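In UniProt numbering, the protein residues as written are 1 to 572.
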């Protein structure tokens, strides 16, 4: 059981506020507490806790905490996996790109994700209205809690914008009737970024650097999130999703905000890369902000994450379900290194990697289940090709970061499905370092990015203790070295930075969104498909269309509900 106050409070929050309404536009949380019956500080605080709970209230068919569905399998990192293309076919549609439709499978996945984020926004708005009406004297935490709610609302709007681009912005000043008049095209792309940024800026201005309860947003996590937003905003897009320029002023703001986080001394890289994926290190020095979960908390099931519960090895006796989220051959090849211990930036995918002979980045054995290699840091349990559910379609690799050992105190199986109480990190300190490095590179100062990237690589080189086999040897031939200052041009640094982000966050989901931000999704993914379909025939008809596939379609049911007020994204 996790010893952290906020996560314990979240247990009750899942049922504290409920609704029978079918659409987020009608969603007014009802039950024990609402905006109409909060009279005490304790009840007001409970509304804030419920707002925190809502950012983890996703489902397997409507995820909001883990983005593996939208950011990993839509990229070159992973295949859908599972029992063939018809098994959860909506995910196959996303992976194929050209099969994605506004309304899929009766509204599964992206329509539910849309709804779940707007429910989270509604909870934040209910709490904001309630607490704004209280005085500092009656509720001494008023200023801090209002800022936390702005942070949570900013997070939900940011994620929606990253997924759908054109979204309605809903704040606490709007009545239910007024919400029905807000278009998803009420603001330009840049105006919408700025509007969401006001929530994070309010959090930066009003939150303390340290909270007494772990898991709560603080000034530094808000600064990090605002840096992320400004980095995305810096890559200016036209109405057809084409990157038309990079805003240097926004990049300077990224540097300033990441400096605030880095120079605080509050965060650092975990000494071992593995520690980011083990529950005993939840809320550690690398976790800048995370969705909190718990188990053995006095409730029947616990507050568990089931969003990644389909992704365990199907044939492993300790798991049994369901074999989704399998790393691609392209990703496996990307971990190969050259004689200098550096990535093969241009040639990594020329041939299928042989893990028995190739030199590799150690992060591969933290990320991919490989035949004969220790699984989830247990040398007594070796990953086996026999565990893979449908190797004829999806090959033999299995994702590993989001999974926990069946013996972990955080692991629980409910029927065929699996949940864990391991936190989901929204921002890691490694993100902050690489965001700053990226800003420096695009500002024409690549030399300032070099030590930041090399710090990430140095940690990777030191992360081999937990991956060893029972005899103490490494399962792979590890060779990883820092980049040298010689020939560290802007163009080379940009390519190295983009590759480093892929290796560091492989299968954690940022990959697709990075490609879109950089404006290279179409060439990267169509080149990936062209090569990968010679290895995996299920991709034979896949195609990424620029100007369409960078974003998910607006759910058709939302367009119908607003009687056409919402406009569909281009191409759908």
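Every residue, glycine too, gets a C-beta built ideally from N, C-alpha and C. Computed from a predicted structure; not experimentally measured.
{"Check": "Determine the extent of the alpha helix (DSSP H) in which residue 222 is found, giving its start and end residues.", "Outcome": "219–234"}
{"Check": "Which complete alpha helix (DSSP H) runs does the segment 41–79 hold, if anything under 4 residues is left out?", "Outcome": "41–54"}
{"Check": "Report the option in 432, 404, 532 and 440 whose CA atom is closest to the CA atom of residue 423.", "Outcome": "404"}
{"Check": "Check residue 139 in the structure and name its three-state DSSP category.", "Outcome": "coil"}
{"Check": "Does DSSP put residue 451 in a helix, in a strand, or in coil?", "Outcome": "helix"}
{"Check": "Would DSSP call residue 31 helix, strand or coil?", "Outcome": "In this prediction, residue 31 has a pLDDT of 41, which is less than 50 and means its spatial position is unreliable; what the coordinates show is noted afterwards. Strand."}
{"Check": "Just to confirm, does residue 123 get its C-beta within under 8 Å of one of the non-hydrogen atoms of the ligand COA?", "Outcome": "Among the components of this structure there are no ligands whatsoever, and the ligand COA is therefore not found."}
{"Check": "At the level of alpha carbons, what is the spacing between residue 519 and residue 547?", "Outcome": "11 Å"}
{"Check": "Taking residue 379 as part of the beta strand (DSSP E), name the residues at either end of that continuous run.", "Outcome": "378–382"}
{"Check": "For residue 545, which option in 465, 241 and 283 has the closest C-alpha, if you only look at C-alpha atoms?", "Outcome": "241"}
{"Check": "Work out the CA separation of residue 366 and residue 80 for me, nearest whole Å.", "Outcome": "20 Å"}
{"Check": "What does DSSP give as the partner residues of residue 343 in its beta bridges?", "Outcome": "337"}
{"Check": "From the DSSP output, read off the bridge partner residues of residue 290.", "Outcome": "425"}
{"Check": "Give the secondary structure of residue 328 by DSSP, where H, G and I count as helix, E and B as strand, and everything else as coil.", "Outcome": "coil"}
{"Check": "Quick one, are the C-beta atoms of residue 486 and residue 475 less than 9 Å apart?", "Outcome": "no"}
{"Check": "Can you tell me whether DSSP reads residue 184 as helix, strand or coil?", "Outcome": "coil"}
{"Check": "Grouping DSSP H, G and I as helix and E and B as strand, with all else coil, what is residue 368?", "Outcome": "strand"}
{"Check": "Could you work out which residue in 289, 169, 321 and 331 is closest to residue 226 when comparing CA atoms only?", "Outcome": "289"}
{"Check": "Tell me, please, which residues DSSP counts as bridged to residue 412.", "Outcome": "419"}
{"Check": "Of all the options 149, 252, 541 and 339, which has the alpha carbon lying nearest to the alpha carbon of residue 199?", "Outcome": "149"}
{"Check": "On the DSSP letters alone, give me the boundaries of the alpha helix (DSSP H) that residue 245 sits inside.", "Outcome": "No alpha helix (DSSP H) contains residue 245, which is instead part of the beta strand (DSSP E) from 243–246."}
{"Check": "Considering Cα atoms alone, identify which of 179, 215 and 163 is closest to residue 515.", "Outcome": "163"}
{"Check": "Strictly under 9 Å for the Cβ-Cβ distance: is residue 337 near chain B by that measure?", "Outcome": "The chain labelled as chain B is not found in the depicted structure, where only one protein chain is given."}
{"Check": "In this structure, what does DSSP give as the bridge partners for residue 312?", "Outcome": "322"}
{"Check": "Rounding to the nearest angstrom, what Cα-Cα distance links residue 232 and residue 517 in this structure?", "Outcome": "6 Å"}
{"Check": "Is it right to say residue 31 is buried, meaning 16 or more other beta carbons lie within 10 angstroms of its own, or is it exposed?", "Outcome": "Its pLDDT being 41, under 50, residue 31 is placed unreliably by the model, and the measurement read from it follows with that caveat. So residue 31 ends up on the exposed side."}
{"Check": "Go ahead and label residue 301 buried or exposed: buried means 16 or more other beta carbons lie within 10 angstroms of its beta carbon, across all protein chains shown.", "Outcome": "exposed"}
{"Check": "Tell me the rounded alpha-carbon separation between residue 196 and residue 49.", "Outcome": "21 Å"}
{"Check": "Measuring alpha carbon to alpha carbon, tell me which of 100, 334 and 456 ends up nearest residue 551.", "Outcome": "100"}
{"Check": "With burial defined as no fewer than 16 other Cβ atoms inside 10 Å of the residue's Cβ, what is the status of residue 183: buried or exposed?", "Outcome": "exposed"}
{"Check": "Who are the near neighbours of residue 98 in its chain, counting only those whose CB is closer than 6 Å to its CB and skipping five residues on each side?", "Outcome": "543"}
{"Check": "Compare the Cα-Cα distances from residue 359 to each of 249, 275, 412 and 461 and report the closest residue.", "Outcome": "461"}
{"Check": "Between the C-alpha atoms of residue 402 and residue 251, what's the straight-line distance to the nearest angstrom?", "Outcome": "31 Å"}
{"Check": "Helix, strand or coil for residue 301 per DSSP?", "Outcome": "coil"}
{"Check": "With DSSP run on the structure shown, which of helix, strand or coil describes residue 111?", "Outcome": "helix"}
{"Check": "Roughly how many angstroms separate the alpha carbons of residue 386 and residue 88, rounded to a whole number?", "Outcome": "22 Å"}
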